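Encoded as C-alpha cells, the structure appears first; notes follow it.
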Amino acid sequence: MTVLRKNLIDGEWLGEAGSRNINPSNTNDVVGEYASAGPEEAKQAIAAAKTAFPAWSRSGPLTRHAVLKKTSDEIMARKDEIGRSLAREEGKTLAEGVGETIRAAQLFDFFAGETLRLSGEMVPSVRPGVGVEMTREGVGVVGIITPWNFPIAIPAWKIAPALAYGNTIVFKPAELVPESAWTIVDILHRAGLPKGVLNLVMGKGSVVGQAMLDSPDVNAISFTGSVGTGKRVAAASVEHMRKFQLEMGGKNPLVVLDDADLAVAVDCAVNGAYFSTGQRCTASSRLIVTEAIHDRFVDAIKERLDKLVIGDALDAKTQIGPVVDQTQLKQDEDYIAIGRQEGAELAFGGDRLERGAPGFYLQPALFVGSTNAMRISREEIFGPVANVIRVKDYDEALAVANDTPFGLTSGICTTSLKHATHFKRNSEAGMVMVNLPTAGVDFHVPFGGRKGSSYGPREQGRYAMEFYTTVKTAYTFAG
Ligand code: NAD
Numbered sequence: 001m002t003v004l005r006k007n008l009i010d011g012e013w014l015g016e017a018g019s020r021n022i023n024p025s026n027t028n029d030v031v032g033e034y035a036s037a038g039p040e041e042a043k044q045a046i047a048a049a050k051t052a053f054p055a056w057s058r059s060g061p062l063t064r065h066a067v068l069k070k071t072s073d074e075i076m077a078r079k080d081e082i083g084r085s086l087a088r089e090e091g092k093t094l095a096e097g098v099g100e101t102i103r104a105a106q107l108f109d110f111f112a113g114e115t116l117r118l119s120g121e122m123v124p125s126v127r128p129g130v131g132v133e134m135t136r137e138g139v140g141v142v143g144i145i146t147p148w149n150f151p152i153a154i155p156a157w158k159i160a161p162a163l164a165y166g167n168t169i170v171f172k173p174a175e176l177v178p179e180s181a182w183t184i185v186d187i188l189h190r191a192g193l194p195k196g197v198l199n200l201v202m203g204k205g206s207v208v209g210q211a212m213l214d215s216p217d218v219n220a221i222s223f224t225g226s227v228g229t230g231k232r233v234a235a236a237s238v239e240h241m242r243k244f245q246l247e248m249g250g251k252n253p254l255v256v257l258d259d260a261d262l263a264v265a266v267d268c269a270v271n272g273a274y275f276s277t278g279q280r281c282t283a284s285s286r287l288i289v290t291e292a293i294h295d296r297f298v299d300a301i302k303e304r305l306d307k308l309v310i311g312d313a314l315d316a317k318t319q320i321g322p323v324v325d326q327t328q329l330k331q332d333e334d335y336i337a338i339g340r341q342e343g344a345e346l347a348f349g350g351d352r353l354e355r356g357a358p359g360f361y362l363q364p365a366l367f368v369g370s371t372n373a374m375r376i377s378r379e380e381i382f383g384p385v386a387n388v389i390r391v392k393d394y395d396e397a398l399a400v401a402n403d404t405p406f407g408l409t410s411g412i413c414t415t416s417l418k419h420a421t422h423f424k425r426n427s428e429a430g431m432v433m434v435n436l437p438t439a440g441v442d443f444h445v446p447f448g449g450r451k452g453s454s455y456g457p458r459e460q461g462r463y464a465m466e467f468y469t470t471v472k473t474a475y476t477f478a479g
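If you're matching positions, the sequence shown starts at 1 in the numbering used here and goes up one per residue.
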C-alpha cells in the first residue's frame, strides 16, 4: 500500500492525494502518493511564514542550533534508508544516494555551527560621541524552489542557511522527487521548528512556484533549475523588488592536454560526464582534447564506457542508473540525433538498454569529431552524453573552453604547473578543477558560477550569509 505524503502548512500536514511518484529504474514501482498544492495553499503557506518570521528571526542562536543539529543527526543516523529512497525516486545509484544524504547531514551540521558564529562590527562614527554598529538580520520569508537532480542536497544547502540566519521558508521541491523533500521537512518539523517557520508546498511549478513568484510577501527567492525558469524567477523578482539567487545550467568543459596523466584524465572524464547519469549541472559535457593525446584518450574512454554497469539504481553493482523520466530520456535521444545530423561521429553508445524491469535506461554516449559551434556543444543536454572537441594546443583549448554562454565549472587535466595556473586564472567559470572531475564539490566553500549559469550571491559555506541576511547599520549618540 502506498502512503500519502501531505504538505506542511503552518505546522499542519494538509492535502489530498494529487500525484504519484514513479521509480525510473522500474516504472511498475510506485514510490508514493503526494498532495498537490494549488495557489490557495501557496498563499496560506506564505502567510504562515510571514506570521512566523518576527519570533523566529529573534529566536536565540541556541534554539536554531538545536533544530539544525538534531536534523543533521537524524539524517546521518538514517543515511542508508534515506539514500535508498532517494535512489529509488531519482535513479542515481545507491552509493550516490547515500553519499548525497550524508552531504545533507553535513550541511545541517555546518549551519548549526554557523548559528553560534554570528558576528557584527562596531566602529566609531565620523561624528564625535556617535557609535556605529553593523549587524546582519534575516531577510524575511524566503521562497526555496529546487530541481530534481539533487533531491536532498540542494534543499539542504538552501534550507539550512535560511533557518540558521533567522528566515522563514516556503519550500517548493521538484515534482519528480517529493519523497526526499518530504523526508527532510518531516525531520525538521519533528526537530522542533515552531509552526509556520518551514512550510512545504509540493505541486506544479507553473501553479505553486508561480504563486510564490507572484506574491509580494515573499522577500527572497533562492532558485536552482533550468535557465528558462530562472529567467521567470528573475523577472518576477524584479517586479516585486525582492532579493533573488539563481543557479542554472552548465556546459562545462574538461580540457585534456598532451602532458596529462592519461589514467587521471579518463577517470575525470568518465566520472564528470557520466556519473549520476550525466544529470549534474556540473557535468563535463565538453571534452576538449589536444592533438597528441586525442586518440589514446578516446580509445581509453570507450574501453571504460564499455565496462560500466548500467542498471537498476538499487542494485549495488550498478554504476550508472536510469535517466530520471521519459521526458528527459527523449531530450537525451533528441540531442544524440542532433549531434549526428550536425556531423559529429557517435563513437560509443547512445542506444536504449533493456533491463529486467521497464525503466529509462540509456547507454552513455560519446561523440568525437565535434566542433564547439554545434548545438551539442552549446546547449545543456543534461544526460549521459558528452562530445570530444579536438584542439591543437593549450591556447586553443582555453579559448574553446570559455566560448560558451555558461560558466559554472571547468576542469583541466595536465602535469604542467604553468598551464594549470594559467587555466585557474583565466577560465571563465565559478569553480575550476585541476586533475579532478568538474563535478564533486565540498560543502563548506562557495558554490556557484558566472555568465548564464548563475546570478546573485554564492551558495554554501559562510558565503551563504550574503543571500540569507541583510545588513543593518545603526548609529547611537550616547551623549
Ligand atoms: P526546472 O527549471 O524545470 O524546475 C526547477 C524548479 O522550478 C522545479 O521545482 C519546478 O517545479 C519549478 N518551476 C517550474 N516552473 C516554474 C514557475 N513558472 N514558477 C516557479 N517555479 C517553477 O529545472 P529541472 O528540470 O527541475 O532541473 C534541471 C535543471 O537544473 C538543469 O538545467 C540543471 O543544470 C539545473 N541545475 C543547476 C544547478 C546549479 O547549482 N547550477 C544544480 C542542479 C541543477
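Every residue, glycine too, gets a C-beta built ideally from N, C-alpha and C. Here the structure is a predicted model, which is why all the values come from computation and not from measurement.
According to DSSP, simplified to helix, strand and coil, what is Phe171?
strand
Pop quiz: Ala429 and Ser410 are said to be a contact at Cβ under 8 Å. What is the actual Cβ separation, rounded to whole angstroms?
4 Å
Quick check: does the Cβ of Ser28 come within less than 8 Å of any heavy atom belonging to the ligand NAD?
Checking the displayed sequence, the identity of residue 28 turns out to be Asn instead of Ser. The answer is no for Asn28.
Excluding the 5 residues flanking Glu89 on each side, which residues of the same chain have their C-beta closer than 6 Å to its C-beta?
Excluding positions up to five away in sequence, the list reads Asn21, Val31, Val177, Glu179.
Integer Cβ distance of Thr290 from Ala397, believed to fall under 8 Å
6 Å
What residue range is occupied by the uninterrupted beta strand (DSSP E) comprising Ile389?
Counting along the chain, the beta strand (DSSP E) containing Ile389 begins and ends at 385-391.
Under a Cβ-count criterion, where at least 16 other Cβ atoms within 10 Å of its own Cβ denotes burial, should Asn28 be classed as buried or exposed?
Per the 10 Å Cβ criterion, exposed.
Do you know how far the Cα of Thr71 is from the Cα of Thr327?
34 Å
Please say whether Gly369 and Gly333 have beta carbons closer to each other than 9 Å?
Note that residue 333 is Glu in the sequence shown here, rather than Gly. No; because the gap between Cβ atoms is not below 9 Å, this pair is not in contact.
Restricting to Cα atoms, I'd like to know which of Pro216, Ile169, Ile184 is closest to Asn199.
Ile169
Are the Cβ atoms of Ser222 and Gly143 separated by less than 9 Å?
yes
Under the three-state reduction of DSSP, which class applies to Ala37: helix, strand or coil?
coil
With the cut-off set at 9 Å, would you say Ala474 and Met134 are in Cβ contact?
yes
Check this for me: beta carbons of Val266 and Leu163, under 9 Å apart or not?
no
Can you give me the C-alpha to C-alpha distance between Glu114 and Ala439, rounded to a whole angstrom?
26 Å
Report yes if the C-beta distance between Arg458 and Phe443 is below 9 Å; otherwise report no.
no
Beta-carbon separation of Val323 and Leu362 under 9 Å?
A Cβ-Cβ contact shorter than 9 Å links Val323 with Leu362.
Report yes if the CB atom of Ala42 is closer than 9 Å to the CB atom of Ser206, and no otherwise.
It is not a contact, given that the beta carbons lie outside the stated cut-off.
List the endpoints of the continuous beta strand (DSSP E) containing Phe367.
Segment 365-370, the beta strand (DSSP E) holding Phe367.
Could you check whether the segment 370-389 touches the segment 352-361, counting it as contact only if at least three pairs of C-beta atoms, one from each stretch, sit closer than 8 Å?
no
Cβ shell of Lys317 (< 6 Å), same chain only, five flanking positions each side left out
Val309
Looking at C-alpha atoms only, which residue of Cys281, Ala386, Asp312 is the closest neighbour of Asn23?
Asp312
In chain order, what residues of the same chain lie with their CB nearer than 6 Å to the CB of Ala153, ignoring the 5 residues before and after it?
Around Ala153: Glu100, Arg103, Ala104.
CB-CB under 7 Å to Ala300, same chain, minus the five flanking residues each way: which ones, in chain order?
Leu262, Val266
Go ahead and pull the three-state DSSP assignment for Gly209.
helix
Have a look at Asn499 and Met433 and give me their C-alpha separation to the nearest angstrom.
With the chain covering only 1 through 479, there is no way to say anything about residue 499.
If distances are taken between C-alpha atoms only, which option among Phe360, Val201, Gly339 comes closest to Thr371?
Gly339
Just to confirm my understanding: we take Pro405, look at its own chain, exclude 5 residues before and 5 after, and list those with CB closer than 8 Å. What are they?
Lys251, Arg378, Lys451, Gly452
Please report the residue range of the beta strand (DSSP E) in which Leu198 lies.
Where Leu198 is concerned, the enclosing beta strand (DSSP E) stretches over 198-200.
Below 6 Å CB to CB, which residues in the same chain sit around Met431 once its five sequence neighbours on both sides are set aside?
Thr409
Quick one: residues in its chain with C-beta nearer than 6 Å to the C-beta of His240, no 5 flanking neighbours on either side, listed in chain order?
Pro216.
Taking Cβ to Cβ, would you say Tyr468 is nearer than 9 Å to Asn271?
no
4-residue-minimum alpha helix (DSSP H) runs that sit fully inside the segment 442-470, ordered along the chain
465-468, all fully within the segment 442-470.
Spatially closest choice to Val256 from Tyr34, Leu436, Ile75, by CA coordinates:
Leu436
What is the DSSP secondary structure of Ala220, reduced to helix, strand or coil?
strand
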